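UniProt numbering puts the first residue of the sequence shown at 1, with every later residue one more than the last.
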Amino acid sequence: MAGVMDSVNQRTQLVGQNRLELLLFRLDGQQLYGINVFKVREVLQCPQLTLMPKSSPVVCGVANIRGATIPILDLAMATGSGGLKDKNNPFVIITEYNTKTQGFLVRSVERIVNMNWEEIHPPPKGTGRDHYLTAVTRVDNQLVEIIDVEKVLAEVAPTPEAISAGVVDVETQHKALSLRVLTVDDSSVARKQVTRCLQTVGVEVVALNDGRQALDYLRKLVDEGKKPEEEFLMMISDIEMPEMDGYTLTAEIRSDPRMQKLHIILHTSLSGVFNQAMVKKVGADDFLAKFRPDDLASRVVDRIKAADIS
Numbered sequence: 001m002a003g004v005m006d007s008v009n010q011r012t013q014l015v016g017q018n019r020l021e022l023l024l025f026r027l028d029g030q031q032l033y034g035i036n037v038f039k040v041r042e043v044l045q046c047p048q049l050t051l052m053p054k055s056s057p058v059v060c061g062v063a064n065i066r067g068a069t070i071p072i073l074d075l076a077m078a079t080g081s082g083g084l085k086d087k088n089n090p091f092v093i094i095t096e097y098n099t100k101t102q103g104f105l106v107r108s109v110e111r112i113v114n115m116n117w118e119e120i121h122p123p124p125k126g127t128g129r130d131h132y133l134t135a136v137t138r139v140d141n142q143l144v145e146i147i148d149v150e151k152v153l154a155e156v157a158p159t160p161e162a163i164s165a166g167v168v169d170v171e172t173q174h175k176a177l178s179l180r181v182l183t184v185d186d187s188s189v190a191r192k193q194v195t196r197c198l199q200t201v202g203v204e205v206v207a208l209n210d211g212r213q214a215l216d217y218l219r220k221l222v223d224e225g226k227k228p229e230e231e232f233l234m235m236i237s238d239i240e241m242p243e244m245d246g247y248t249l250t251a252e253i254r255s256d257p258r259m260q261k262l263h264i265i266l267h268t269s270l271s272g273v274f275n276q277a278m279v280k281k282v283g284a285d286d287f288l289a290k291f292r293p294d295d296l297a298s299r300v301v302d303r304i305k306a307a308d309i310s
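Dropping the structure here:
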C-alpha cells in the first residue's frame, strides 16, 4: 500500500485546476467509495486496537501509530449499516479532517484515480443512504460514492458550536442585522454549522451547495446590475465541492471585473501548508480551518468593523 500512497505529497499541483484525486476503497460488498487524497495521511493494515470504555460504538478502538494515539472508526457502521462484517485483515485509512486525525476501518483499498471536479456530482435524490453522501461519480462505469465525512465525525464526536462570550459585542450585532453573507458548502452538516454561527453574529445567510451554483448565482446578480460586494459582506466557501471547487470558484470571481471586489474566505477541512499558498494564488482574502466557531465569528466581526457599517 506504500506504493499507492508514496506520491500523495506531490499532488498539490492539482489544486486550483478544478481537479482532485480520489483514493478508492470498499467496505462490505462491491460498492466503491472515494476519499480525497488530500485528506489521507497514510494507508496501512489495521494495527492492534485498544478498546476504549464508554466510547461510541462506531469507534473500534485506538491504535498507536508513529507515536500518536489515533481513534479508529468503523466507517460501515458510521454510515448506517451493521458495521464491517468481514474483519479479516482489514485496512485503515488515516485521515486528517478539521485539524483532527482519525482512522477509518475499511475492507480493502483499491487505487487512486485522477478526476475533474466537474465529474463529481451531488447525490441523486431518493438514494437510500444519500444523507451520508456528499457526492457521487463514476470510475470505469462503476458508481463511486463519496461519504460526507464531516457528518460522520459530527455524529461520533460533535464539535462545540457556541460562540464564546465576548467574541461578538452588542454594537456589532446591531450592525450585522443589515448585512448578508454568502456561504458555499456541499456538506449539509457544514452548511448548518456555518449558518448557525453566522446567525448568532447577526447577519442574514444565503447558503448554496457548490461552486458552480455559487458562480451562476453571482453572475445572475451582476447581469441584473447588482454588485456582489454591495449585496454581501463576504463569501465564505468550502474548497472541496462537486462541479467546481472553491479555488476555481475564487479564481473565476477574481477574473470577472464585475464581481472581483467580493471579499472571499476559504473555509475548509483540508489540512496542509499548501493552503496558504493557494489562497494567494487564486486571490482569496483569507483562509480558515473548519470548524472553529470563535475564529469564524471573529473573521465576520473583523469584516463588519473594516467595512465601517454605520
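Note that beta-carbon positions come from the ideal geometry of N, C-alpha and C, so glycine has one too. In this text, all values refer to a predicted model and were calculated from it rather than measured experimentally.
Which residues in the same chain as residue i place their Cβ atom closer than 8 Å to its Cβ, once the five residues preceding and following it in sequence are excluded?
| i | result |
| --- | --- |
| Leu44 | Met1, Ile65, Phe91, Val92 and Ile94 |
Give the secondary structure of residue i by DSSP, where H, G and I count as helix, E and B as strand, and everything else as coil.
| i | result |
| --- | --- |
| Arg41 | strand |
| Ala162 | coil |
| Gly34 | strand |
| Val58 | coil |
| Pro71 | strand |
| Gly82 | coil |
In the DSSP assignment, find the alpha helix (DSSP H) that holds residue i and state where it starts and stops.
| i | result |
| --- | --- |
| Ala307 | Pro293 to Ala307 |
| Tyr217 | Gly211 to Asp223 |
| Glu229 | Pro228 to Glu231 |
Terminal residues of the continuous beta strand (DSSP E) containing residue i?
| i | result |
| --- | --- |
| Val109 | Ser108 to Asn116 |
| Gln142 | Gln142 to Ile147 |
| Glu21 | Arg19 to Arg26 |
| Arg138 | Leu133 to Val139 |
| Met241 | No beta strand (DSSP E) holds Met241; DSSP gives it neither H nor E. |
| Glu96 | Phe91 to Tyr97 |
| Glu204 | Glu204 to Leu208 |
Quick check on residue i: buried or exposed, where buried means 16 or more other Cβ atoms within 10 Å of its Cβ?
| i | result |
| --- | --- |
| Asn18 | buried |
| Gln193 | buried |
| Ser237 | buried |
| Gly82 | exposed |
| Asp302 | exposed |
| Val170 | exposed |
| Pro160 | exposed |
| Ala68 | exposed |
If you drop the 5 nearest sequence neighbours on each side, which residues of the same chain put their C-beta closer than 7 Å to that of residue i?
| i | result |
| --- | --- |
| Asp294 | Ile163, Ser164 and Val167 |
| Asn36 | Leu20, Leu22 and Glu240 |
Residues in the same chain with beta-carbon distance under 6 Å from residue i, minus the five sequence neighbours each way, listed in chain order, please.
| i | result |
| --- | --- |
| Gly103 | Ile70, Ile72, Val92 and Ile94 |
| Thr134 | Ile146, Asp148, Asp186 and Ser187 |
(Q) Which runs of the alpha helix (DSSP H) at least 4 residues long sit entirely within the segment 153-202? Give them in chain order. (A) The segment 153-202 contains these whole alpha helix (DSSP H) runs: 170-176 and 188-201.
Q | Segments of 4+ residues assigned as alpha helix (DSSP H) that fall wholly inside the segment 255-289 | A | Qualifying alpha helix (DSSP H) stretches, in chain order: 274-282.
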